[in-house]
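Per our numbering, the sequence shown runs over residues 13 to 498.
By construction, the Cβ of each residue, glycine as well, lies at the ideal position given by its N, Cα and C atoms.
One structure is given here, and the rest of the page talks about it.
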Amino acid sequence: MNPGTEIQLYNSMGRALVPLTPLREGSVRLYSCGLTVYSDPHLGNLRPYVFSDSLRRLLEWKGYAVEQVVNITDVGHAVGDGDEGEDKVEWTARAQRVTPQEVAEHYTALFFQDLEAVNVLPAHHSPRASAYVEQMIEFAKVIEKHGYTYLLPAGLYFDTAKSPGYGKLALMPNAGQLEGGRVSSEGKRSPADFAIWRSDPPDQRRIMRWDSPWGPGVPGWHLECSVMSISLLGPHFDIHTGGVDHRQIHHVNEIAQSEAYLQDGQDWVPIWMHNEFLLQGGAKISKSAGKMPTLRDLTSDGYPAMAFRYFLLTGHYRSQMDLTDQGLQSALSSARRLAHRVAALGPLPDIRTYEQARSGLGENALAVLNSIDAAMSEDLNTPRVLADLQVALRSADLARDELAVLAAAALWLLGLDLSTLAEEPASESGAPEGIAAEQVEALVRAREQARTSKQWGEADRLREELAALGVQVIDTAEGSRWSIAP
Ligand SMILES: [Zn+2]
């Protein structure tokens, strides 16, 4: 049923490659922690979604029915990521003199635009945290009933000492280390304990607030993901993804409270996957690092969004990547060369699964397909898929229609939409920077036709046009040849 190489994923829980065994046969349920929508999504914010999109594409490639949730955090995430302090969305609202709803809508729209621009398949569900507060209160009541909480003036707290295996994901069984260095609410039993419900501070009235059995306030950030994932995907689902920064606290706390809620003796989610950071000049791209390029910054610098996706795919998702101009430039050139090679194959077939791709391929092409499939199946080795595709496109052993199948398959798996790049220059094809080889060929052909029909004026004009592009035409007995003028 599951064709090709068996999928192996690197599970942060246990830090090892594990085979994927879906909880329900034939389908995979996937939750990817979403964005807190309070500022321009920067390039570092997009890496987790290109990663989870690669994962989703692999699962669909293998024929699984995938259900994916990417949430939108529009309330509850405090500035500084801790339990205290102003809500991030409210903070922006106050600074911009608009409502928190307007802030959330504005940045959610930008986030969706960016995801579309880098060709991330839309999630099946994009729940807003603010729409799930009633469920969050019900969830917290159950945890309280199960005896995992205690009440402080700052809110309802989760007692991590009651949670067996707390911190296992972070490889930090000594839970006390987890929130080291952070401001602790008065009365917390352990620094690792965290707010499930954050009460309104006495001196401050939040704009977004809900009544609860523990007084008016907002849900804790960690609680949101537990509630939205369980509400939409069921008590247990297959894979939970996020940035590696979530591995230490956010996901640890999601696990603790979900298992306290479910109380069924099972691991909440079997597979946890985390992408590494995107760095800039060796520093993580984030608020604290200062400068944060966005996708709009890149496109206004002349890099199409697809060059950024290509750049990310040249690294493994579990490797840190450094974003440099040189790296982006090189990704753009490679993506354009690939676009030209693929454009020469004509319209590609619509191929989205291994099953579709393999039928009709000869032995050599099937070997390439299996190599691409194996690379992707072995923990999403996108750099190897790109390399396999490049090698295949240069191969003399493969028929054009087989190449078209292989290209369609690899590009779908990688989520590379090259249509936006094909008209752009291709330096490797022999054409000078700034003109496509096809454009030069067309001019050369037009000039040959003009010469054949003895339209000397037109032929000379075309020769000048080519010269202006830096192309030298040499007329031979076999026809015209062209080269780049030295
Ligand atoms: Zn989350």
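{"Query": "By a C-beta neighbour count over all protein chains shown, 10 Å radius and 16 as the cutoff for buried, is residue 380 buried or exposed?", "Result": "buried"}
{"Query": "Let me know the secondary structure DSSP gives residue 137 once reduced to three states.", "Result": "strand"}
{"Query": "Check whether the Cβ atoms of residue 392 and residue 329 sit closer than 8 Å, and answer yes or no.", "Result": "yes"}
{"Query": "Grouping DSSP H, G and I as helix and E and B as strand, with all else coil, what is residue 358?", "Result": "coil"}
{"Query": "Quick check: is any heavy atom of ligand 1 less than 7 Å from the C-beta of residue 232?", "Result": "no"}
{"Query": "By DSSP, does residue 20 sit in helix, in strand, or in coil?", "Result": "strand"}
{"Query": "Measuring alpha carbon to alpha carbon, tell me which of 346, 331, 82 ends up nearest residue 338.", "Result": "346"}
{"Query": "Look at the Cβ atom of residue 240, then the Cβ atom of residue 139, and state whether they are nearer than 8 Å.", "Result": "yes"}
{"Query": "Quick check: does the Cβ of residue 254 come within less than 7 Å of any heavy atom belonging to ligand 1?", "Result": "yes"}
{"Query": "Using the C-alpha atoms, what's the distance from residue 277 back to residue 223?", "Result": "32 Å"}
{"Query": "Unbroken alpha helix (DSSP H) runs of length 4 or more, entirely within the region 199-223: which are they?", "Result": "none"}
{"Query": "Please output, in chain order, the residues near ligand 1 using a CB cut-off of less than 5 Å to any non-hydrogen atom of the ligand.", "Result": "45, 237"}
{"Query": "What is the DSSP secondary structure of residue 149, counted as helix, strand or coil?", "Result": "helix"}
{"Query": "How far does the alpha helix (DSSP H) with residue 253 in it extend, from its first residue to its last?", "Result": "Segment 251-255 is the beta strand (DSSP E) holding residue 253; no alpha helix (DSSP H) there."}
{"Query": "Would residue 17 and residue 390 be called neighbours here (beta carbons separated by less than 8 Å)?", "Result": "yes"}
{"Query": "Whole angstroms is fine: what's the gap from residue 348's alpha carbon to residue 306's?", "Result": "22 Å"}
{"Query": "Which word fits residue 533, buried or exposed, when buried means at least 16 other C-beta atoms lie within 10 angstroms of its C-beta?", "Result": "No answer is possible for residue 533: it lies beyond the span of the chain, which begins at 13 and ends at 498."}
{"Query": "Pull up the distance between the alpha-carbon of residue 357 and that of residue 417, whole angstroms please.", "Result": "10 Å"}
{"Query": "May I have a chain-ordered list of the beta strand (DSSP E) segments no shorter than 3 residues that lie completely inside the region 56-87?", "Result": "77-85"}
{"Query": "Is the region 32-50 touching the region 112-122 in the sense that three or more CB pairs, one from each, lie closer than 8 Å?", "Result": "yes"}
{"Query": "Name, in chain order, the residues that DSSP records as bridge partners for residue 167.", "Result": "164, 210"}
{"Query": "Where does residue 333 fall in DSSP's three states?", "Result": "strand"}
{"Query": "Could you tell me whether the Cβ atoms of residue 254 and residue 60 are closer together than 8 Å?", "Result": "yes"}
{"Query": "Are residue 283 and residue 23 touching if we call contact CB-CB under 8 Å?", "Result": "yes"}
{"Query": "If you draw a straight line from the alpha carbon of residue 80 to that of residue 68, how long is it in whole angstroms?", "Result": "8 Å"}
{"Query": "Residue 333 and residue 231 look like a contact to me (Cβ under 8 Å); what is the Cβ gap, rounded to whole Å?", "Result": "Not really, about 34 Å apart at Cβ, beyond 8 Å."}
{"Query": "Looking only at DSSP bridge pairs, what is residue 265 linked to?", "Result": "Per DSSP, none; premise fails for residue 265."}
{"Query": "Secondary structure at residue 429, three-state DSSP: helix, strand or coil?", "Result": "coil"}
{"Query": "Can you tell me whether residue 229 is helix, strand or coil according to DSSP?", "Result": "strand"}
{"Query": "Considering only residues of the region 265-291, which uninterrupted beta strand (DSSP E) runs meet the minimum length of 3 residues and lie entirely inside it, listed in chain order?", "Result": "283-287"}
{"Query": "To the nearest angstrom, how far is it from the Cα of residue 503 to the Cα of residue 371?", "Result": "Past the edges of the chain, shown from 13 to 498, lies residue 503, and the structure says nothing about it."}
{"Query": "Leaving out five residues before and five after residue 136 in sequence, what residues of the same chain have Cβ atoms less than 6 Å from its Cβ?", "Result": "79, 80"}
{"Query": "Looking at the unbroken beta strand (DSSP E) that takes in residue 389, where does it start and where does it end?", "Result": "Unbroken run through residue 389 is the alpha helix (DSSP H), 375-389; no beta strand (DSSP E)."}
{"Query": "Can you tell me whether DSSP reads residue 101 as helix, strand or coil?", "Result": "helix"}
{"Query": "Cα separation between residue 134 and residue 123?", "Result": "11 Å"}
{"Query": "Would you mind reading off the limits of the alpha helix (DSSP H) that contains residue 143?", "Result": "First-last for residue 143: undefined, no H or E at that position."}
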